[in-house]
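For the record, in the sequence shown the residue sitting at position 3 is 19 according to the numbering used here, with numbers rising by one throughout.
Glycine is no exception: its CB is placed at the ideal position from the N, C-alpha and C atoms.
This structure is a prediction, so every number in the text was calculated from the model and none was measured.
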Amino acid sequence: MAIFSASKGYKDHCLDLQNGDSLYLFSDGIIHQFGGGNGRKKFSLKQLTDLLEHHANHDLEHIKATTDKAFNDWKAIRTRRTMYC
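Following this line, the structure appears as structure tokens:
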């Protein structure tokens, strides 16, 4: 699927996954969201990967909950500042 008139080429990749491995797929939507202190900072790929790596040994429910909380807390900083400034 592509939204471009000229199709871009894709490469096949093989992954050697073991029982218990996790693979995370996400769009760039989360890392391009603005928020944080002044509302002009993006969530960033580094922030997301650090968060996932930090909680990698937990079950997926825990990882989802902590990722949601971290992202919502980060977005709320902008909301709180806007409300009180």
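Among the options, which has the Cα closest to the Cα of residue i?
i	options	result
ILE46	GLY36, LYS62, GLY53, ASP28	LYS62
SER60	TYR26, LYS91, LYS27, LYS24	LYS91
LYS58	ASP66, LEU64, HIS48, LYS85	HIS48
LEU67	GLY53, PHE50, ARG56, PHE87	PHE87
TYR40	LYS85, HIS71, ASP89	HIS71
DSSP state of residue i, grouped into three classes?
i	result
PHE50	strand
LYS57	strand
ASP66	helix
ASP84	helix
ASP28	coil
LEU33	coil
ALA72	coil
ASP89	helix
Determine the contact status of residue i and residue j, defining contact as a CB-CB distance below 9 Å.
i	j	result
SER38	LEU76	yes
THR65	HIS74	no
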